[in-house]
Amino acid sequence: MNVVEQKLEAVFRDIAETRMAGLPICNSALRVQAVGFREWQEHWVGVLVTPWTISLALMPGDKAPLKTLGPDEKMTWEFPSGKYEFMGLNEPALGTCQTCSLISPVIDIGRHEDAVDVARQVMDALFVTDETDAKRDADRKQMVEAARLKGEPVLDKPLSRRDFLRGSFLGT
Amino acid sequence: MSTETFYEVMRRQGISRRSFLKFCSLTAASLGLAPTMAPQIAHAMETKPRTPVIWLHGLECTCCSESFIRSAHPLAKDVVLSMLSLDYDDTLMAAAGHQAEEIIAEIRKKYKGNFILAVEGNPPLNEDGMFCIHGGRPFVEVLKETAADAKAIISWGACASWGCVQAAKPNPTRATPVHKVITDKPIIKVPGCPPIAEVMTAVVTYMLTFDRIPELDRQGRPKMFYGQRIHDKCYRRPHFDAGQFVEEWDDEAARKGYCLYKMGCKGPTTYNACSTVRWNGGVSFPIQSGHGCIGCSEEGFWDKGGFYERVTDIKQFGVESNADAVGGTVAGIAGAAVVAHAAVSALTKARDKNDQSKGGK
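Order-wise, the sequence lines are chains A and B. Oh and the first sequence: position 29 is 28 in numbering that gives the first Met the number 0, straight run, nothing missing. Oh and the second sequence: position 41 is 40 in numbering that gives the first Met the number 0, straight run, nothing missing.
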């Protein structure tokens with residue numbers, strides 16, 4: 000565990016035990032854990048798991064200060080998988096930090112290990128440059144929507160009755 | 000009855016071609032469509048005859064109409080209303096009495112199966128519908144009759160979509176949402192009390208331009224505007240994440256603009272576009288002016304405890320009822336594939352899909 004993870008966990012553990020203690024929006028099965036923090040563009044990025052939210056978190060590196068965002072101010076960061084909008088989390092004990100919410104509330108997650116698994120997978124998917132499944136799906140959706148609006152067939156090529164009955168349109 | 004195109008109407012009203020094209024690209028952006036779709040909107044508007052809309056009012060307060068006619072959407076004031084070919088809307092039309100009622104009959108006959116029925120409010124069913132009389136007859140009869148010839152129905156607001164205050168317990172008039180009375184037509188629910196003007200304009204524009212209904216979620220709401228919770232994109236969200244809450248009205252935290260969850264904000268359980276589209280032309284929204292969200296676009300929001308009571312049972316508030324709810328996917332987690340799916344869909348949701356429409360933010 001690196002310094003950034005330690006610092007985040009210490010601050011958020013304190014928040015969990017004080018200000019968030021006993022709130023019904025918290026999932027008691029989850030704990031505070033900083034997952035998979037790595038250096039990126041001279042900053043630190045990783046996933047912060049807490050009983051009330053799972054978010055991407057961006058922390059300043061040793062040499063590169065991070066912009067402190069005011070209320071209603073956003074900053075867009077471009078990762079290999081796409082652009083993400085971060086907001087400024089200003090907690091005196093933590094210093095500058097930017098977060099981008101992924102899942103909240105997290106009531107439905109049964110075990111802490113599952114939340115950490117999700118966080119790990121998020122970190123993997125965040126840095127996938129190529130056509131991830133999600134991006135391919137999004138592109139395809141955009142294409143289908145365009146075709147639908149033009150009144151053109153949504154499928155790439157005509158579908159035979161046999162293929163239709165075999166459900167081949169589901170496979171594309 | 001006019002059969003001119005939207006474009007002709009716009010030109011007749013002195014709108015320049017330049018403003019018209021600008022309107023098209025803004026519409027594309029507000030609908031979450033790629034900028035390449037703008038020419039298509041323009042093309043449809045230049046060539047398609049206007050679709051007539053009948054706008055009926057049941058048990059309601061007209062706040063949906065108020066919101067709609069105050070749309071800050073460019074040109075909306077002059078154009079969208081005439082574009083709509085609002086042939087019957089008892090709040091806006093000039094006709095009255097028998098003359099007005101004849102309009103409905105005429106449109107039903109002339110545009111059978113081809114007009115859109117917009118319903119604001121809902122029919123009460125008790126006492127054979129006598130609690131809401133429309134032109135001397137129970138509203139429920141007029142609704143059923145008109146709906147029978149309509150192509151599609153838009154349920155404006157919480158009343159038509161869910162029932163709203165008149166359907167709150169004990170619902171003395173048995174006020175009933177439109178989809179429980181009309182079961183054989185496509186219904187688009189646009190909930191909210193009222194819905195956001197820009198959302199209403201966009202839904203109508205989409206339907207009139209493309210002659211199709213927008214993609215709906217499992218509850219029948221347009222996904223493009225009801226796919227996220229207020230909480231997901233709330234500008235006070237970092238305060239929630241850091242446990243910084245307003246504890247009392249007018250305390251230091253309230254002045255600093257901290258999270259209003261403890262003051263009863265229903266943002267974490269409400270699906271609507273207020274935190275992104277905002278109100279009055281994007282100027283503000285309830286949380287920005289210091290009051291929690293009351294969850295007015297959720298089903299039965301009057302019966303879910305006080306507006307200032309903290310949300311205690313998250314599940315009860317329909318977090319899982321959204322087709323795309325990530326939380327729902329994670330529930331009862333089974334294997335690596337499910338985790339991967341949850342992770343990827345959470346990331347996809349967080350991703351900035353339409354940075355061109357964001358402007359200076």
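In this text, a Cβ means the ideal position worked out from N, Cα and C, and glycines have one as well.
Any Cβ of chain A within less than 8 angstroms of the Cβ of B:G256?
Closer than 8 angstroms: yes.
So is the beta-carbon of A:L88 under 7 angstroms away from any non-hydrogen atom of the ligand GTP?
Questions concerning the ligand GTP fall outside what the structure shown contains, since it holds no ligand whatsoever.
Given a limit of 9 angstroms on CB to CB distance, which residues of the stretch 237 to 249 of chain B reach chain A?
If the cut-off is 9 angstroms between Cβ atoms, the stretch 237 to 249 of chain B has P237, H238, F239, D240, A241, G242, Q243, F244 near chain A.
Starting from the beta carbon of B:D209, find every residue of chain A whose beta carbon is closer than 7 angstroms, and list them in chain order.
The question names Asp, yet the displayed sequence has Phe at residue 209 of chain B. In chain order: L148.
Which stretch, first to last residue, makes up the beta strand (DSSP E) that contains B:C23?
It is not in any beta strand (DSSP E) - B:C23 instead sits in the alpha helix (DSSP H) that spans 16 to 29.
According to DSSP, simplified to helix, strand and coil, what is B:K265?
Correct three-state label for B:K265: coil.
How is B:M129 classed by DSSP in three states: helix, strand or coil?
Coil at B:M129, not helix or strand.
Based on the DSSP secondary-structure assignment, which residues constitute the bridge partners of A:Y83?
A:Y83 is bridged to A:W76, B:R350.
Which residue wins for smallest C-alpha separation from B:H238, given the options A:P59, A:T52, A:L148?
Per the Cα distances, A:T52.
Taking its Cβ as the centre, do 16 or more other Cβ atoms sit within 10 Å of B:H97, making it buried, or is it exposed?
Burial call: exposed.
Give a yes or no on whether the minimum CB-CB distance between B:V338 and chain A is below 8 angstroms.
Answer yes: the Cβ-Cβ gap between B:V338 and chain A drops below 8 angstroms somewhere.
Determine the extent of the alpha helix (DSSP H) in which B:L207 is found, giving its start and end residues.
Segment 196 to 209, the alpha helix (DSSP H) holding B:L207.
A:P70 touches chain B at which residues, Cβ-Cβ below 8 angstroms?
Ordered by position in chain B, the residues that pass the 8 angstroms Cβ test against A:P70 are Y234, R235, G256.
Inspect the CB distances between the stretch 155 to 165 of chain B and the stretch 238 to 255 of chain B and report whether three or more fall short of 8 angstroms.
No, because fewer than three Cβ pairs between the stretch 155 to 165 of chain B and the stretch 238 to 255 of chain B fall closer than 8 angstroms, the two stretches do not touch.
In three-state DSSP terms, what is A:Q141?
Three-state DSSP puts A:Q141 in a helix.
Tell me which same chain residues have a C-beta within less than 6 angstroms of the C-beta of B:C264, skipping the five on either side of it?
The answer, listed in chain order, is G291, C292.
Along chain A, in chain order, which residues have C-beta atoms closer than 9 angstroms to that of B:Q227?
By Cβ distance, chain A contributes nothing, its closest Cβ being about 10 angstroms from B:Q227, past 9 angstroms.
Within 8 angstroms (strictly less), CB to CB, does B:Q39 reach chain A?
So yes, B:Q39 belongs to the interface.
Near B:R69, which residues of its chain fall below 7 angstroms by C-beta distance, leaving aside the five closest residues on each side in sequence?
These residues qualify, in order along the chain: A196.
Taking a Cβ distance cut-off of 8 angstroms, strictly less, list which residues of the stretch 28 to 52 of chain B are near chain A, in chain order.
Those residues of the stretch 28 to 52 of chain B that come within reach of chain A (Cβ to Cβ, closer than 8 angstroms) are L32, A33, T35, M36, Q39.
Comparing the C-beta of A:V121 with each C-beta of chain B, is any distance below 8 angstroms?
Cβ-Cβ to chain B under 8 angstroms: yes for A:V121.
Whose Cβ in chain B lies nearer than 7 angstroms to the Cβ of A:Q192?
Outside the displayed span of chain A (0 to 171) sits residue 192 of chain A, for which this structure offers no information.
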